[in-house]
Amino acid sequence: MAEAEVKTESVGTVVVAGAANLAIAIAKLVAGLISGSAAMLSEAAHSVADTTTEVLLYLALRRGARPADPRHPFGYGKESYVWAFLAALFTFVAGAGFAITHGVTTILVHEHTGSYLTAYVVLAVSFAIESVSLARAVRQVRGESKRWGTTPRRYLRLTADTTVKAVFLEDSAALIGLLLAAAGLTLSHLTGDELWDGIASILIGVLLLVVAAVLARSNISLLVGRAVSERVHRRIEQELAQLPTVDRVDTLMTMVLGPDDILVAAKVDFRDDATGAEIEAAADEAERRLTGEFPEIAYVFLDPTRSRGAGRRARTTQDEPDRPVDQEA
1 MAEAEVKTES VGTVVVAGAA NLAIAIAKLV AGLISGSAAM LSEAAHSVAD
51 TTTEVLLYLA LRRGARPADP RHPFGYGKES YVWAFLAALF TFVAGAGFAI
101 THGVTTILVH EHTGSYLTAY VVLAVSFAIE SVSLARAVRQ VRGESKRWGT
151 TPRRYLRLTA DTTVKAVFLE DSAALIGLLL AAAGLTLSHL TGDELWDGIA
201 SILIGVLLLV VAAVLARSNI SLLVGRAVSE RVHRRIEQEL AQLPTVDRVD
251 TLMTMVLGPD DILVAAKVDF RDDATGAEIE AAADEAERRL TGEFPEIAYV
301 FLDPTRSRGA GRRARTTQDE PDRPVDQEA
């Protein structure tokens, strides 16, 4: 996939989220300094972390979309997961670390100086802007899940497009964080006790830890080399088995090479009377069928093999029951 062909919708989602987070980060920082609120300053750190994350996700999309070359014959799709993993680490260290540390400090010091009004205004405006960014991510998730014939929740859990997954989770966490900050600020305002503000800041940090852990785990799995989902795996196996010159599929293995690239490799037992020309035609037909149903399949390799006994069950790498695997549901 050439760089010019990088997924436009994902790029747009990342850019919108990044621009929104940058504007919100500045506003939260000013409001936090004026109000003296620990939760507001934690939210500012949250938005700074999100903004940096969007920059890294943009790099992930661009770097991962570079075309294949002699040194990287399968392209650079997996590099996108490296940048996405770094984005998750930054959220973990910068966002969560600051929020929890500042929250604990606020509880221990127990001081508050400044006006609450500015913080309330910024929280309200930030919530509106974050809602717009999240709405775009939700629209993309719904569109992609419909295309794959699955639910948005399952799509988010299994998708190999970690950029849209990151934006969705971060924007969702941002809205929850704003509600936590507002609750902590309001309770501190009403009671005059900064304990609530500090607790809200710690909770925001914990929220960021959860998001960072989920994204890091997903990207590590894809970097190691994750297979497609069971449903897609079964469909690929069915398509290969239905080829007229194929007796059975002995082994089928798949790997997600990038957000839009899947590799399929199979050991296939062709009919004993199949000619070389028929086997070549079957291989071409297999690639045509598979790429027609799943455009993300970029490579199809078939290895003719002898049958190892009648009735022997095809060996696959995905026989484990109820084990979720990526590229879709």
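Numbering (UniProt numbering), first residue to last: 1 to 329. Cβ atoms here follow ideal geometry from the backbone N, Cα and C, with glycine treated the same way.
By the criterion of at least three beta-carbon pairs nearer than 8 Å, the region 192-206 is not in contact with the region 224-241. In this model, Val125 and Ala31 are separated by some 12 Å (Cα to Cα).
Looking only at Pro70, Ile26, Gly75, the smallest Cα-Cα distance to Arg63 is reached by Gly75. The C-beta distance from Leu223 to Tyr81 rounds to 5 Å, short enough to meet the 8 Å contact threshold. With distances taken between CA atoms, Glu79 lies nearest to Leu257 out of Leu257, Arg306, Phe301. When secondary structure is reduced to three states using DSSP, Pro152 falls in the helix class.
Of the other Cβ atoms in all chains shown, fewer than 16 fall within 10 Å of the Cβ of Val206; this residue is therefore exposed. When DSSP reads this structure, Lys267 sits in a beta bridge with Thr251, Asp303.
Between Ala94 and Ile204, the CB-CB gap reaches or exceeds 8 Å. Non-local beta-carbon contacts of Ala17 in its own chain, meaning distances under 8 Å to residues more than five positions away in sequence, involve Asp50, Glu54, Ser133, Arg136, Ala137, Val167, Glu170, Asp171 in chain order. Ranked by Cα distance from Asn219, the options Arg231, Asp250, Asp161 are led by Asp161. Along the length of the region 55-134, whole beta strand (DSSP E) runs at least 3 residues long do not occur.
Here Val264 is buried, its C-beta having at least 16 other C-beta atoms within 10 Å.
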